[in-house]
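J.: Shown below is the structure under consideration.
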Amino acid sequence: MIERGPGVEAGERDAGVRSSARDARIPYAPAPIPHPPTPIRRGTRFGLQPGQALEGPLLAWILLAPALILLIVVIFYPVAHTVWLSFHSLNLAEPLNNHWVGLRNYKNILTNSIFGFWGAVRFSILFSVATTVIAFLIGFALALILNERVKFQTLWRGLALVPWVIPYVVVAYLFFYMFNSQYGIINHVLNSIDLFGWKPVPQPLAWYGGNGNLARVAVIAAAIWNRFPFFTLMLLAGLQTLPQDLFDAAKVDGAGIIARFKLVTLPGLRGIIAIVTTLSLIWSLNEFAIIWAMTNGGPGVATDNMVIHIYRAAFIEQGISRAATMSTVWLLMLLVFTYFYIRIMEGKAAVE
Numbered sequence: 101m102i103e104r105g106p107g108v109e110a111g112e113r114d115a116g117v118r119s120s121a122r123d124a125r126i127p128y129a130p131a132p133i134p135h136p137p138t139p140i141r142r143g144t145r146f147g148l149q150p151g152q153a154l155e156g157p158l159l160a161w162i163l164l165a166p167a168l169i170l171l172i173v174v175i176f177y178p179v180a181h182t183v184w185l186s187f188h189s190l191n192l193a194e195p196l197n198n199h200w201v202g203l204r205n206y207k208n209i210l211t212n213s214i215f216g217f218w219g220a221v222r223f224s225i226l227f228s229v230a231t232t233v234i235a236f237l238i239g240f241a242l243a244l245i246l247n248e249r250v251k252f253q254t255l256w257r258g259l260a261l262v263p264w265v266i267p268y269v270v271v272a273y274l275f276f277y278m279f280n281s282q283y284g285i286i287n288h289v290l291n292s293i294d295l296f297g298w299k300p301v302p303q304p305l306a307w308y309g310g311n312g313n314l315a316r317v318a319v320i321a322a323a324i325w326n327r328f329p330f331f332t333l334m335l336l337a338g339l340q341t342l343p344q345d346l347f348d349a350a351k352v353d354g355a356g357i358i359a360r361f362k363l364v365t366l367p368g369l370r371g372i373i374a375i376v377t378t379l380s381l382i383w384s385l386n387e388f389a390i391i392w393a394m395t396n397g398g399p400g401v402a403t404d405n406m407v408i409h410i411y412r413a414a415f416i417e418q419g420i421s422r423a424a425t426m427s428t429v430w431l432l433m434l435l436v437f438t439y440f441y442i443r444i445m446e447g448k449a450a451v452e
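Under the working numbering, the letters of the sequence shown match residues 101 to 452, in that order.
The following block contains the structure:
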């Protein structure tokens, strides 16, 4: 028997250690089993892959779609249909006798005074300008007062909004009875005025008769009372946003109340004034409820504005195409007026 020396045993141990380490570094792994390729899933909605988010122009159009559909159904289609009707001869008395007439309707309403188009335009402008200017002045003055520290300030601010929240028809009937020639409070007050034996209004005034001038005054007064709280609210909100530092600096420089109003208040409210007066002018040009409930456009056609004139033509005289023609012309006039008015106001603001 051959004895193994200690050197041989040490060598075998070293070889076993190296083999174990090599086996630990390179473990045995079975050969991978091939799998069939995974099919590519195609999105079934908007061409998107699963988990992919909407973004970019597609998302914008999807979000805008409800509003665009509403605008098309409520605004664009009715306007386009109105323009289309203006080139026809549709009359509800003879609905089957509807044919293309071209520009004949436009020629008739613009050149023939029997249709009363320009008379309605004149009263619409008078009504709108008078209502807006007077209501603006009253509302601005009230806003300046309510912007100061007065007793019961919150109460007065709330009461100032009452005429605005009352429905138009209620306002119309309220002023209708106030201006009544027999038992209205306006005539009672005017008849009771006595200046050292001289009575400027000795007899009751026929507000809804005669040539219609007094009826115009009555409907304009009702519209002013209903409209001035809107100016008060908007201008008061604007006044509260003006920096107090500007007013303090103006006082230090020796500016009085009028100078501070001209140099600080008005320039600071220029944008708000442009917006509120534009809205009021457009609302007044399209006024219907107050005038119709008070006078029905009378006496005669004295208080016929464009909206009432179009209503008469369409639903009383049954001239649908003629009413559509006047509506189209009136829409174009309002668009032109609004464009130039806003440009003028923006130009003044830029200069200042």
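Quick reminder that beta carbons are idealized off the backbone N, C-alpha and C, glycines included.
In terms of residue numbering, what span does the alpha helix (DSSP H) encompassing V301 cover?
T.: Segment: none, V301 is in no alpha helix (DSSP H) and carries neither H nor E.
J.: Use the C-beta contact count for A124: other C-beta atoms within 10 angstroms, 16 or more gives buried, fewer gives exposed.
T.: With a pLDDT of only 48 at A124, under the threshold of 50, the placement of this residue in the model should not be trusted; the figure read from the coordinates follows. The residue in question, A124, is exposed, as its Cβ has fewer than 16 Cβ neighbours within 10 Å.
J.: Secondary structure at L314, three-state DSSP: helix, strand or coil?
T.: helix
J.: Spatial neighbours of N386 within its chain, please: C-beta separation below 7 Å, excluding the five flanking residues on both sides.
T.: So the qualifying residues of the chain are V407.
J.: Would you mind reading off the limits of the alpha helix (DSSP H) that contains S292?
T.: S292 -> no alpha helix (DSSP H), and no H or E assigned at all.
J.: State yes or no: is the C-beta of T232 within less than 7 Å of the C-beta of L379?
T.: The answer is no: Cβ separation not under 7 Å.
J.: With contact counted as at least three CB pairs below 8 Å, one residue from each stretch, are the region 402 to 418 and the region 213 to 225 in contact?
T.: Counting Cβ pairs under 8 Å, three or more are found: they touch.
J.: Measure the alpha-carbon distance for L164 versus L171 and round it to whole angstroms.
T.: 11 Å
J.: How far does the alpha helix (DSSP H) with D348 in it extend, from its first residue to its last?
T.: Q344 to V352
J.: Could you check which residue in P263, S292 and S228 has the C-alpha nearest to that of G239?
T.: P263
J.: What does the alpha-carbon distance come out to for the pair G371 and M445?
T.: 8 Å
J.: Residue range of the alpha helix (DSSP H) that H409 falls in?
T.: M406 to Y411
J.: Once DSSP output is grouped into helix, strand and coil, what is the label at H199?
T.: coil
J.: Quick check: what's the CA-CA separation for Q344 versus E248?
T.: Each residue's alpha carbon lies about 13 Å from the other.
J.: Less than 8 Å between the CB atoms is what I'm expecting for R327 and T403, so what's the real figure, rounded?
T.: That belief does not hold up - the Cβ atoms of R327 and T403 are roughly 17 Å apart, past 8 Å.
J.: Does the pairing of the region 180 to 189 with the region 198 to 205 give three or more beta-carbon distances under 8 Å?
T.: yes
J.: Is G312 closer than 7 Å to P399 when the C-beta atoms are compared?
T.: yes
J.: Quick one, are the C-beta atoms of A243 and Q418 less than 7 Å apart?
T.: no
J.: Relative to the alpha-carbon of Y308, which residue among F276, T425, F236 and L346 has its alpha-carbon at the smallest distance?
T.: Minimum Cα distance to Y308 is reached at F276.
J.: Return helix, strand or coil for I140, following the three-state DSSP convention.
T.: Here the model assigns I140 a pLDDT of 49, short of 50, so the residue's position is not dependable and the matter cannot be decided.
J.: Considering only C-alpha positions, which residue in the set L335, L259 and A260 is nearest to F236?
T.: L335
J.: Based on the DSSP output, what are the partners of H188 in its beta bridges?
T.: Beta-bridge pairing links H188 to W200.
J.: Contact defined as beta carbons within less than 8 Å: I believe A374 pairs with R360. What is the distance between those atoms, to the nearest angstrom?
T.: About 21 Å; that fails the 8 Å criterion.
J.: Distance, Cα to Cα, P157 vs I169?
T.: Cα to Cα, the separation comes out at about 17 Å.
J.: Name the DSSP bridge partner or partners of E194?
T.: N191
J.: Quick one: is A337 buried, meaning 16 or more other Cβ sit within 10 Å of its Cβ, or exposed?
T.: exposed
J.: Sort F440, S421 and T438 by Cα distance to I209 and report the nearest one.
T.: S421
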